[in-house]
Amino acid sequence: THGGIFAYPELEDAPEGKLRYCFECAPVGFAVEAAGGHVSDGYGDLLDADPDELHERRPVYLGNADLVERVEAELSS
């Protein structure tokens with residue numbers, strides 16, 4: 001991917017994020033990584049996560065690898 005980022009972060013009314021890991025985050029994240037991008041939950045690679053529940057929700061940041069890594073750096077500081 002050349003540029004851009006999609007973000008659905010943790011929110012006050014959705015502290016675990018809004019998108020479901022198994023049905024939305026992981027499938028789209030897999031396609032983004034196959035295209036050369038990166039997918040994160042804000043703290044690390046989202047696709048390395050193991051969900052505890054079928055409908056588990058997670059925050060998601062996906063798109064250009066450099067931009068997603070900058071988001072991770074900002075959230076961890």
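Here the sequence shown stands for residues 1 to 77, numbered as in my numbering.
Note that the Cβ used here is the ideal one computed from N, Cα and C, for glycine as well.
Tell me which same chain residues have a C-beta within less than 8 angstroms of the C-beta of residue 47, skipping the five on either side of it?
On the sequence shown, position 47 is the one that residue 47 refers to. Excluding its 5 nearest sequence neighbours in each direction, residue 47 has C-beta neighbours in its own chain below 8 angstroms: 26, 29, 30, 33 and 39, listed in chain order.
Residue 31 by DSSP, collapsed to three states: which one?
As a first step, residue 31 is located in the sequence shown; it is residue number 31 there, counting from the start. It is helical.
Span of the alpha helix (DSSP H) around residue 75
Counted from its first residue, the sequence shown places residue 75 at position 75. Counting along the chain, the unbroken alpha helix (DSSP H) around residue 75 starts and ends at 65 to 76.
Whole angstroms are fine: how far does the CA of residue 56 sit from the CA of residue 65?
As a first step, residue 65 must be located in the sequence shown, where it is residue number 65. As a first step, residue 56 must be located in the sequence shown, where it is residue number 56. Their backbone Cα atoms lie some 24 angstroms apart in a straight line.
Thinking C-alpha only, which one of 17, 23, 22 and 3 is nearest residue 41?
Taking the first residue of the sequence shown as 1, we reach residue 41 at position 41. Between residue 41 and the set 17, 23, 22 and 3, the nearest pair of CA atoms involves 17.
Of the listed residues 63, 59, 37 and 23, nearest to residue 13 (C-alpha basis):
In the sequence shown, the residue the question calls residue 13 occupies position 13. Looking at the Cα atoms, 59 is the closest of the given residues.
Rounding to the nearest angstrom, what Cα-Cα distance links residue 37 and residue 63 in this structure?
The residue given as residue 37 occupies position 37 in the sequence shown. The residue given as residue 63 occupies position 63 in the sequence shown. One C-alpha to the other measures close to 5 angstroms.
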